[in-house]
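Protein chains in written order, with this note's numbering: chain E, 58 to 227; chain V, 58 to 227; chain Z, 58 to 227; chain A, 58 to 227; chain F, 58 to 227; chain D, 58 to 227. Don't be surprised by glycine CBs; every beta carbon is placed ideally from N, CA and C. Everything below concerns the one structure shown next.
6 protein chains.
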Amino acid sequence: MVDVSAKPSTPRRAVAEAFVAVSAETLSLVIDGRAAKGDVLSAAELAGVMGGKRTSDLIPLCHPLALTDLLVTVTPDRVASGLRVRAEAATTGPTGVEMEALTAASVAALTIYDMVKGVERGVEIRSVRLVSKSGGQSGEWHRPADSAEAAQRPIRRPGERVAGRIRKSR
Amino acid sequence: MVDVSAKPSTPRRAVAEAFVAVSAETLSLVIDGRAAKGDVLSAAELAGVMGGKRTSDLIPLCHPLALTDLLVTVTPDRVASGLRVRAEAATTGPTGVEMEALTAASVAALTIYDMVKGVERGVEIRSVRLVSKSGGQSGEWHRPADSAEAAQRPIRRPGERVAGRIRKSR
Amino acid sequence: MVDVSAKPSTPRRAVAEAFVAVSAETLSLVIDGRAAKGDVLSAAELAGVMGGKRTSDLIPLCHPLALTDLLVTVTPDRVASGLRVRAEAATTGPTGVEMEALTAASVAALTIYDMVKGVERGVEIRSVRLVSKSGGQSGEWHRPADSAEAAQRPIRRPGERVAGRIRKSR
Amino acid sequence: MVDVSAKPSTPRRAVAEAFVAVSAETLSLVIDGRAAKGDVLSAAELAGVMGGKRTSDLIPLCHPLALTDLLVTVTPDRVASGLRVRAEAATTGPTGVEMEALTAASVAALTIYDMVKGVERGVEIRSVRLVSKSGGQSGEWHRPADSAEAAQRPIRRPGERVAGRIRKSR
Amino acid sequence: MVDVSAKPSTPRRAVAEAFVAVSAETLSLVIDGRAAKGDVLSAAELAGVMGGKRTSDLIPLCHPLALTDLLVTVTPDRVASGLRVRAEAATTGPTGVEMEALTAASVAALTIYDMVKGVERGVEIRSVRLVSKSGGQSGEWHRPADSAEAAQRPIRRPGERVAGRIRKSR
Amino acid sequence: MVDVSAKPSTPRRAVAEAFVAVSAETLSLVIDGRAAKGDVLSAAELAGVMGGKRTSDLIPLCHPLALTDLLVTVTPDRVASGLRVRAEAATTGPTGVEMEALTAASVAALTIYDMVKGVERGVEIRSVRLVSKSGGQSGEWHRPADSAEAAQRPIRRPGERVAGRIRKSR
Chain E
58 MVDVSAKPST PRRAVAEAFV AVSAETLSLV IDGRAAKGDV LSAAELAGVM
108 GGKRTSDLIP LCHPLALTDL LVTVTPDRVA SGLRVRAEAA TTGPTGVEME
158 ALTAASVAAL TIYDMVKGVE RGVEIRSVRL VSKSGGQSGE WHRPADSAEA
208 AQRPIRRPGE RVAGRIRKSR
Chain V
58 MVDVSAKPST PRRAVAEAFV AVSAETLSLV IDGRAAKGDV LSAAELAGVM
108 GGKRTSDLIP LCHPLALTDL LVTVTPDRVA SGLRVRAEAA TTGPTGVEME
158 ALTAASVAAL TIYDMVKGVE RGVEIRSVRL VSKSGGQSGE WHRPADSAEA
208 AQRPIRRPGE RVAGRIRKSR
Chain Z
58 MVDVSAKPST PRRAVAEAFV AVSAETLSLV IDGRAAKGDV LSAAELAGVM
108 GGKRTSDLIP LCHPLALTDL LVTVTPDRVA SGLRVRAEAA TTGPTGVEME
158 ALTAASVAAL TIYDMVKGVE RGVEIRSVRL VSKSGGQSGE WHRPADSAEA
208 AQRPIRRPGE RVAGRIRKSR
Chain A
58 MVDVSAKPST PRRAVAEAFV AVSAETLSLV IDGRAAKGDV LSAAELAGVM
108 GGKRTSDLIP LCHPLALTDL LVTVTPDRVA SGLRVRAEAA TTGPTGVEME
158 ALTAASVAAL TIYDMVKGVE RGVEIRSVRL VSKSGGQSGE WHRPADSAEA
208 AQRPIRRPGE RVAGRIRKSR
Chain F
58 MVDVSAKPST PRRAVAEAFV AVSAETLSLV IDGRAAKGDV LSAAELAGVM
108 GGKRTSDLIP LCHPLALTDL LVTVTPDRVA SGLRVRAEAA TTGPTGVEME
158 ALTAASVAAL TIYDMVKGVE RGVEIRSVRL VSKSGGQSGE WHRPADSAEA
208 AQRPIRRPGE RVAGRIRKSR
Chain D
58 MVDVSAKPST PRRAVAEAFV AVSAETLSLV IDGRAAKGDV LSAAELAGVM
108 GGKRTSDLIP LCHPLALTDL LVTVTPDRVA SGLRVRAEAA TTGPTGVEME
158 ALTAASVAAL TIYDMVKGVE RGVEIRSVRL VSKSGGQSGE WHRPADSAEA
208 AQRPIRRPGE RVAGRIRKSR
């Protein structure tokens with residue numbers, strides 16, 4: 058573990074993303090809430106938050122820290138035929154929260170896999186990666202390349218209407 | 058959780074993989090054991106095993122089960138400029154171990170990210186996916202497509218010499 | 058821990074329930090999915106399942122066991138002004154799953170509290186108790202008294218329509 | 058998770074309670090320390106403390122936080138025929154500790170259930186609820202109604218003599 | 058992790074011990090139940106059981122398994138000026154429970170340290186070691202040397218009277 | 058749990074050690090990296106760090122805290138025929154980190170046991186104890202007696218060459 062005893066406590070924030078590629082049929086099941094194991098979107102979002110809180114249990118050299126924010130959203134993307142996971146973490150402390158955001162995104166993606174593996178075993182988790190971070194000695198960082206494009210892709214807010222979703226209210 | 062109370066207990070096995078894309082410089086650091094946080098390969102392999110054992114804690118609808126085998130290997134690949142993670146899980150029980158293999162591969166990949174993020178922040182985890190599974194009602198499954206090719210790629214056994222590695226014995 | 062080494066492995070099942078008393082206004086928020094922290098019903102059901110899997114971590118003398126089933130449902134009840142939690146657990150083993158069902162029901166109830174405490178702090182969790190159990194040396198057990206009546210109260214199945222729910226699809 | 062990144066760090070405290078209704082015979086077993094699984098009072102108090110520390114692992118949207126105090130007491134009450142659980146939690150931070158107090162009380166109550174279920178299966182956990190909280194934006198809160206009366210009921214301090222207890226020293 | 062997929066499931070049992078050396082004054086505090094943090098003996102015994110259940114979470118290559126028995130006892134020893142911890146674990150499975158017994162003994166010993174460190178900081182945990190094991194391919198094993206003598210030392214059963222203990226009933 | 062709500066937040070540091078006595082043959086296996094289960098030194102060091110982070114989960118009355126440093130080293134000692142474990146923990150807070158250092162040392166020692174138990178079952182963990190602590194009300198503390206001598210024994214830094222180690226690079 059890196060010794061951060063002498064580092065000042067500053068506000069930190071990090072955003073990570075993952076993409077889960079599924080077939081058009083599976084995506085429709087997810088959007089319509091017809092997956093056999095239940096509502097994929099809310100299960101994945103909740104599991105992502107809970108997984109992000111376990112980061113220091115899972116990653117050997119990660120510092121335990123008091124997260125002040127952790128938001129995970131899963132957005133179906135018919136064009137790309139998959140589900141986009143976005144995780145945003147924050148704390149005030151001597152060390153960053155990149156791993157918390159990445160772990161939350163990974164656990165959300167794994168949960169999607171688990172919820173649909175009964176209908177499509179070949180689902181693939183692609184592009185688990187950091188989007189941006191701020192705070193700390195190294196300051197701001199933004200993924201270069203295709204991030205401008207990514208920034209334009211709409212992200213569903215929790216509870217927001219999924220375009221074209223036909224869902225029986227429960 | 059799917060009710061597996063009436064399912065027979067049979068031997069199950071699953072293999073998953075992940076690929077962590079890093080720069081040639083970072084890969085050299087990892088292979089030579091010069092990463093600031095320590096030996097990346099052994100840390101990732103160990104974290105993968107420990108993470109795989111936590112699967113039912115992380116994935117909401119996964120059954121807790123008694124793993125009888127869990128092997129994680131991380132193999133540097135200079136041609137592809139990255140690290141290939143392979144996780145193999147087994148149990149004897151009423152439910153499969155795909156999620157255990159996938160979770161182990163994911164946690165190993167996240168640990169690689171954590172160990173090298175100080176030198177390369179843009180590292181990307183690609184292609185977390187199932188390679189094969191056996192046992193249970195649905196029987197054998199092998200990823201089609203490029204799996205034949207994948208089968209030919211050498212996989213480092215734990216403790217095996219990494220080609221071209223110049224490492225100071227400790 | 059009671060020594061169950063010599064006990065035969067048999068199918069076990071247990072059902073527990075909890076009741077969370079809330080005001081009519083809070084109940085409407087929950088039913089309509091308008092609670093600030095998100096969908097209370099699915100969050101509580103998922104947290105209940107995950108909590109039930111942690112039973113042997115929480116209850117000192119509980120045996121760790123491989124659950125084969127764990128189903129948690131939360132049903133709004135306008136007449137009683139509250140939410141009824143029902144948890145059903147199963148395993149095949151030398152020891153029962155009463156504590157798993159009770160822990161799952163408790164964690165689901167606590168999660169409901171957490172999701173609505175911003176609007177109603179005085180929410181009360183009432184009647185966490187075993188409804189029935191089967192399997193093992195002591196055989197079948199059913200809560201006497203008001204259980205006949207309880208059996209007639211409808212229980213929402215996961216994903217089932219909540220009577221009178223007006224919910225925006227997401 | 059509610060974003061508390063911008064909230065000031067202030068001292069917080071919360072008290073919760075639970076009541077575990079048992080028969081007079083079971084209560085005598087507990088008071089006399091004759092329950093088959095060991096000393097119910099100290100097991101429940103310890104499990105409550107340990108469970109309260111796991112709150113953010115169990116409740117999906119709870120922030121992980123550094124508790125500065127967590128005291129759980131279990132007091133036998135012959136008049137009410139049951140055991141009164143009281144949990145008091147404190148921290149200094151941007152978010153409250155109501156859920157920590159409630160989770161600690163619940164885990165203590167579940168542990169009581171587990172320790173006596175061999176002699177009385179129908180035990181019921183009643184009235185898991187917040188008694189008071191202080192600190193934070195919303196300030197002080199005290200449960201109205203019967204709390205005045207509750208405040209007058211004696212609460213056993215850890216290690217304090219249980220009235221009428223005849224216990225063999227060990 | 059050693060692959061035990063093909064190993065037969067057999068009854069396993071293991072006994073481990075630890076010795077915690079304390080001063081005569083500290084030992085008296087513990088025996089009399091006057092330690093500031095509460096009853097050391099019951100806290101250590103309970104923590105040992107709970108710690109033993111976490112073995113596969115803590116020890117990287119340990120298999121998760123369903124313990125059927127786990128008994129931890131802490132016996133004050135005025136002659137040796139310390140506390141003797143004894144942990145006995147059992148399961149029926151393809152792998153042994155030595156690590157579960159050793160981990161339970163270690164956590165009980167660490168808990169003793171924690172409970173008395175306010176009055177004696179130099180407490181030392183000595184001789185954490187396996188006493189015996191049975192079951193599995195390697196069959197019976199008993200620690201040679203001083204084990205005959207050890208077998209003659211009395212071991213307190215949970216709830217058993219501690220010789221010379223003057224304890225206020227609670 | 059001791060109430061530390063009113064204690065000031067100060068920098069804290071603690072060092073603990075453990076000694077794992079093994080035969081000369083086992084020690085050679087460990088040093089040469091020929092143990093069947095893999096590299097003992099790095100597995101034990103990593104497990105020690107991860108175990109130290111779980112301290113408040115394991116020790117009932119330990120406060121959860123945000124460690125800022127945790128370093129575990131395992132040094133083979135041919136003269137003493139064993140492995141010396143050293144764990145150093147730090148935080149800034151109202152409570153000390155002695156238990157974190159001791160728990161990390163214990164888990165590292167248990168992991169060594171697990172990795173070599175296939176070749177030597179009688180391995181013994183000796184002398185788990187605090188070496189020094191600083192910070193907080195009680196200030197500095199150093200183990201008296203043989204600590205001067207201990208300070209002169211060389212401690213391997215992570216990645217440092219082990220004297221006389223003949224290890225195949227991997």
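Can you give me the Cβ contacts of residue i inside the same chain, cut-off strictly under 6 angstroms, excluding the 5 residues immediately before and after it?
| i | result |
| --- | --- |
| residue 68 (chain A) | 149, 192 |
| residue 64 (chain Z) | 151 |
| residue 141 (chain E) | 76, 132, 134 |
| residue 101 (chain Z) | 131, 165, 168, 169 |
| residue 71 (chain V) | 146, 154, 155, 158, 190 |
| residue 94 (chain E) | 172 |
| residue 112 (chain E) | 119, 156, 157, 160 |
Give the DSSP bridge partners of residue i, in chain order.
| i | result |
| --- | --- |
| residue 139 (chain F) | F:78, F:134 |
| residue 73 (chain V) | V:144, V:187 |
| residue 68 (chain E) | E:149 |
| residue 181 (chain D) | F:186, D:78 |
| residue 127 (chain A) | A:146 |
| residue 120 (chain F) | Residue 120 (chain F) is not bridged to any residue. |
Measuring straight from C-alpha to C-alpha, what distance separates residue i and residue j?
| i | j | result |
| --- | --- | --- |
| residue 222 (chain Z) | residue 128 (chain Z) | Its pLDDT being 47, under 50, residue 222 (chain Z) is placed unreliably in this model, and the coordinates cannot settle the point. |
| residue 119 (chain A) | residue 171 (chain Z) | 8 angstroms |
| residue 176 (chain Z) | residue 200 (chain A) | 15 angstroms |
| residue 97 (chain Z) | residue 96 (chain E) | 13 angstroms |
| residue 186 (chain Z) | residue 116 (chain D) | 30 angstroms |
| residue 183 (chain V) | residue 181 (chain E) | 9 angstroms |
| residue 174 (chain E) | residue 122 (chain Z) | 25 angstroms |
| residue 178 (chain V) | residue 105 (chain Z) | 37 angstroms |
| residue 160 (chain F) | residue 198 (chain E) | 43 angstroms |
| residue 85 (chain F) | residue 139 (chain F) | 10 angstroms |
| residue 90 (chain D) | residue 87 (chain A) | 54 angstroms |
| residue 58 (chain D) | residue 103 (chain A) | 10 angstroms |
| residue 126 (chain A) | residue 60 (chain D) | 5 angstroms |
| residue 83 (chain Z) | residue 79 (chain V) | 51 angstroms |
Spatial neighbours of residue i within its chain, please: CB distance less than 8 angstroms, with the 5 preceding and 5 following residues excluded, ordered by chain position.
| i | result |
| --- | --- |
| residue 124 (chain V) | 109, 110, 146, 147, 148, 154, 157 |
| residue 194 (chain A) | 64 |
| residue 74 (chain E) | 141, 142, 143, 144, 162, 184, 185, 186, 188, 207 |
| residue 66 (chain V) | 149, 150, 151 |
| residue 107 (chain A) | 164 |
Name the chain D residues that come within less than 8 angstroms of residue i, Cβ to Cβ?
| i | result |
| --- | --- |
| residue 70 (chain F) | Ordered by position in chain D, no residue passes the 8 angstroms Cβ test against residue 70 (chain F), which lies about 14 angstroms from the chain. |
Would you mind telling me which residues of chain A sit closer than 8 angstroms to residue i, beta carbon to beta carbon, in chain order?
| i | result |
| --- | --- |
| residue 58 (chain D) | 106, 124, 126, 127, 128 |
| residue 160 (chain Z) | 167 |
Which bits of chain E does residue i rub up against, with CB to CB less than 7 angstroms?
| i | result |
| --- | --- |
| residue 151 (chain A) | 125 |
Anything in chain A within Cβ reach of residue i, meaning under 7 angstroms, just list it in chain order.
| i | result |
| --- | --- |
| residue 163 (chain Z) | 163, 167 |
Give the interface partners of residue i over in chain F, defined as CB-CB distance under 8 angstroms, in chain order.
| i | result |
| --- | --- |
| residue 61 (chain Z) | 125, 126 |
If the cut is a Cβ gap below 7 angstroms, which residues of chain F does residue i touch?
| i | result |
| --- | --- |
| residue 200 (chain D) | 179 |
Against chain Z: residues of the stretch 97–120 of chain E by CB proximity under 9 angstroms: 98, 99, 100, 102, 103, 104, 107
Short-range partners of chain D found in the stretch 173–195 of chain F, where Cβ spacing is below 9 angstroms | 174, 175, 178, 179, 180, 181, 182, 183, 184, 185, 186, 187, 190, 195
Name the residues in the stretch 129–148 of chain Z whose C-beta lies less than 7 angstroms from a C-beta of chain V; which are they? 147
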